[in-house]
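Be aware that the sequence shown starts at 35, since it is given in our numbering, and climbs by one per residue. All C-beta atoms, glycine included, are put in the ideal place defined by N, C-alpha and C. Computed from a predicted structure; not experimentally measured. Worksheet: one structure, shown below.
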Amino acid sequence: LDTPEKITGRATFGMDVQFDGLKTALVARSPVYGGSVKSVDDRAAKAVPGVRKIVQVPSGVAVVADHFWAAKKGRDALKIDWDAGPNAGLDTAILRETFRKTAQTDGPVASTAGDASAAMKDAKQTIEAEYNVPYLAHAPMEPLNATVKIDADGCEIWTGTQFQQFDQMAAARITGLPVEKVKLHTMFLGGGFGRRANPASDFVSEAVAVAKAAGMPVKTVWTREDDMHGAYYRPMFLQTAKIGLDADGMPIAWQQALVGQSIMKGTPFEPFSIKDGVDSSSVEGVADSPYMKGVANHHVTTHSPDIQLPVLWWRSVGHSVNAFVMESLVDELAHASGKDPVAYRRTLLAEHPRHLAALNLAVEKAGWDTPVAEGRARGVAVHESFGSVVAQVAEVSVDKGSIRVHKVTCAIDCGTAVNPEGIAAQMESGIAFGLSAALHSQLSFKDGKVQESNFHDYIVLRLGEMPAVDVHIVPSEAPPSGVGEPGTPPIAPAVANAVFALNGKRLRSLPMTLPG
Numbered sequence: 035l036d037t038p039e040k041i042t043g044r045a046t047f048g049m050d051v052q053f054d055g056l057k058t059a060l061v062a063r064s065p066v067y068g069g070s071v072k073s074v075d076d077r078a079a080k081a082v083p084g085v086r087k088i089v090q091v092p093s094g095v096a097v098v099a100d101h102f103w104a105a106k107k108g109r110d111a112l113k114i115d116w117d118a119g120p121n122a123g124l125d126t127a128i129l130r131e132t133f134r135k136t137a138q139t140d141g142p143v144a145s146t147a148g149d150a151s152a153a154m155k156d157a158k159q160t161i162e163a164e165y166n167v168p169y170l171a172h173a174p175m176e177p178l179n180a181t182v183k184i185d186a187d188g189c190e191i192w193t194g195t196q197f198q199q200f201d202q203m204a205a206a207r208i209t210g211l212p213v214e215k216v217k218l219h220t221m222f223l224g225g226g227f228g229r230r231a232n233p234a235s236d237f238v239s240e241a242v243a244v245a246k247a248a249g250m251p252v253k254t255v256w257t258r259e260d261d262m263h264g265a266y267y268r269p270m271f272l273q274t275a276k277i278g279l280d281a282d283g284m285p286i287a288w289q290q291a292l293v294g295q296s297i298m299k300g301t302p303f304e305p306f307s308i309k310d311g312v313d314s315s316s317v318e319g320v321a322d323s324p325y326m327k328g329v330a331n332h333h334v335t336t337h338s339p340d341i342q343l344p345v346l347w348w349r350s351v352g353h354s355v356n357a358f359v360m361e362s363l364v365d366e367l368a369h370a371s372g373k374d375p376v377a378y379r380r381t382l383l384a385e386h387p388r389h390l391a392a393l394n395l396a397v398e399k400a401g402w403d404t405p406v407a408e409g410r411a412r413g414v415a416v417h418e419s420f421g422s423v424v425a426q427v428a429e430v431s432v433d434k435g436s437i438r439v440h441k442v443t444c445a446i447d448c449g450t451a452v453n454p455e456g457i458a459a460q461m462e463s464g465i466a467f468g469l470s471a472a473l474h475s476q477l478s479f480k481d482g483k484v485q486e487s488n489f490h491d492y493i494v495l496r497l498g499e500m501p502a503v504d505v506h507i508v509p510s511e512a513p514p515s516g517v518g519e520p521g522t523p524p525i526a527p528a529v530a531n532a533v534f535a536l537n538g539k540r541l542r543s544l545p546m547t548l549p550g
């Protein structure tokens, strides 16, 4: 186990790598992703004490120096004329309107059964809604970095990575070396959440290119701002739904359209992840939802717009979007039918014992049927991802327009519980990660440029906002299933549903903003 190394400071992260002769580099990249260098004046940068070399690489202009601060000052002194490229006009507001129009058109079919249009005509009540989620950064605490040494013996890399083989192959391609001449040391990493598992090997490829061009060992470091502006985000999505209810308030027709970029397009995973125009990661948790499958007449379509902005998986992948939409929609249906949200879910999930077991355990431990403190309300969500089912009950209040989550009761069925303490820790961290996105985090674009830059405007959950988390494990003898990601998806809808129970305001966009 690595705990002793970490708590004593002996664990070596990528940023900790040091050896004689190692230099540090920062790369000046286009302020608009996809842009390129038209011209560069590096005279002032070369005059900065400690700057050793300035080299151009495919991603921009690298300043190689004795230490980070010299590289930073040198980069600041560069005068670069940029060609903004294909994303010069990228604007979040315009993009959302485009997505909205796209949702009204026919798209590849992700799941269909019966005749949803015909069944909708027989509905006694219809619910229509639009849901929106933004682009998100991964924002790992340790900035992206990679140390590279190229010599007669080959290429050696030190980095915290989740995709060693891809990075090794990328380095071999850039250096022209055989793969077996590329040695990669996997260091401890200060957070990844998918960002360090990039099939494009962007930050490692860049570091190799810098070391090759500089002709010396170099640690290439990204600042927080570099990371925020460096693409490979969780994609922005817009979803529309129209659901028809019968006289008992149960769904008899369900139509849903999803619009958002594919994370698999253009990657080695495309051949087995995209079929007939449908990226399975975009529709997971919707097309295979027990709610959707339980409706005899349903039709789900998806659109993957071609935007020149790389996107990537983010903790829980498509479930991070789709659990929010599906569990919020089901809550809307429950309230529209005048039924308790838990009782309504129990009816819809009658044929899904694992969902019921997790749901029942969570609401029992949360005291769903007991009074809540004045000024507070509870909301519930249950979702399956990565082979595990997680139910969460959030207890919230609202003060001066701000949502406060006081407690989260979580129940997970992850098969056989190999390490209960590890499971609880993963649920706690997944909830914290999901709450950041639910309450605060978003990336927005104007004139092609990301408007956020660091934790002052790309806000993540603060320590004082972390709720009490009570984790319970559903007893099971089934094979173990995932725990690293399933804790994240249910928290946003559980909170949104609690807000509705508290004040009747239905929040359909993330991060949550209370109207007026």
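In the DSSP assignment, L272 falls within the unbroken beta strand (DSSP E) covering F271 to L279. Cα atoms of E304 and S145: separation of roughly 19 Å, rounded to the nearest angstrom. When R380, D340 and E499 are compared, the shortest CA-CA separation from V416 is found for R380. Exposed is the label assigned to H101, since fewer than 16 other Cβ atoms lie within 10 Å of its Cβ. Contact between V320 and Q289 is absent: CB atoms are separated by about 12 Å, not below the 8 Å threshold.
Boundaries around Y165 are those of the beta strand (DSSP E), Q159 to V167, since no alpha helix (DSSP H) includes it. The alpha-carbon separation between G468 and S323 amounts to approximately 20 Å. The Cβ neighbour count for S315, taken over all protein chains shown within 10 Å, is at least 16; the residue is labelled buried. In this structure, the beta-carbon distance from R109 to A79 falls below 9 Å. Shown here for A466: same chain residues with a beta carbon closer than 8 Å to its own, the five before and five after excluded, namely L495 and M500 in chain order. Membership of G94 in the beta strand (DSSP E) is indicated by the continuous run G94 to A99.
Inclusion of P520 and E418 in the CB contact set at 9 Å is warranted, their separation being smaller than that value. With a cutoff of 9 Å on beta-carbon distance, D481 and G413 are scored as not near each other. Contact between A275 and L363 holds: CB atoms are separated by about 6 Å, below the 8 Å threshold. A Cβ-Cβ separation of about 12 Å leaves H172 out of contact with F237 under the 8 Å criterion. The beta-bridge partner set that DSSP reports for P387 is empty. The shortest C-alpha to C-alpha distance from D76 to any of H506, G94 and L178 is the one to G94.
Note: W347 is not bridge-paired with any residue in the DSSP secondary-structure output. Distance check between D54 and each of P387, P513 and K183 places K183 closest, using alpha-carbon atoms only.
Counting only unbroken stretches of 4 or more residues, the alpha helix (DSSP H) elements lying wholly within the segment 234-315 are 236-248, 258-263 and 304-307, in sequence order. Note that the C-beta distance between A425 and I507 is not below 9 Å.
Distances from the CA of D50 to each of E361, V255, N356 and P454 were compared; the closest alpha carbon is that of V255. Judged by DSSP in its simplified three-state form, H369 adopts helix. Residue range I525 to N537 is occupied by the alpha helix (DSSP H) that includes N531. Here the alpha carbons of A99 and R86 stand approximately 5 Å from one another. Excluding five sequence positions before and after Q342, the CB atoms of its chain that fall closer than 7 Å to its own CB belong to G68, P120 and N121, given in chain order. Residues D447 and V508 of the same chain have their beta carbon placed closer than 7 Å to that of A391, with the five preceding and five following residues left out of the count. Between L536 and V432, the gap from beta carbon to beta carbon is short of 9 Å.
When rounded, the separation of the alpha-carbon atoms in S70 and A118 is 7 Å. Every unbroken stretch of the beta strand (DSSP E) spanning 3 or more residues and falling wholly within the segment 115-185 is given here in chain order: 143-147, 159-167 and 179-185. As DSSP reads the structure, G413 sits in a beta bridge with A428.
For L382, there is no enclosing beta strand (DSSP E); the residue is found in the alpha helix (DSSP H) stretching over P375 to L382.
Here H490 is exposed: its Cβ has fewer than 16 other Cβ atoms, across all protein chains shown, within 10 Å. Selection I493, V452, G456 and A458 evaluated against A472 yields I493 as nearest (Cα-Cα). Here W103 carries a helix assignment [DSSP, helix/strand/coil]. Cβ neighbours of H263 within its own chain (closer than 6 Å, five residues either side excluded): V484.
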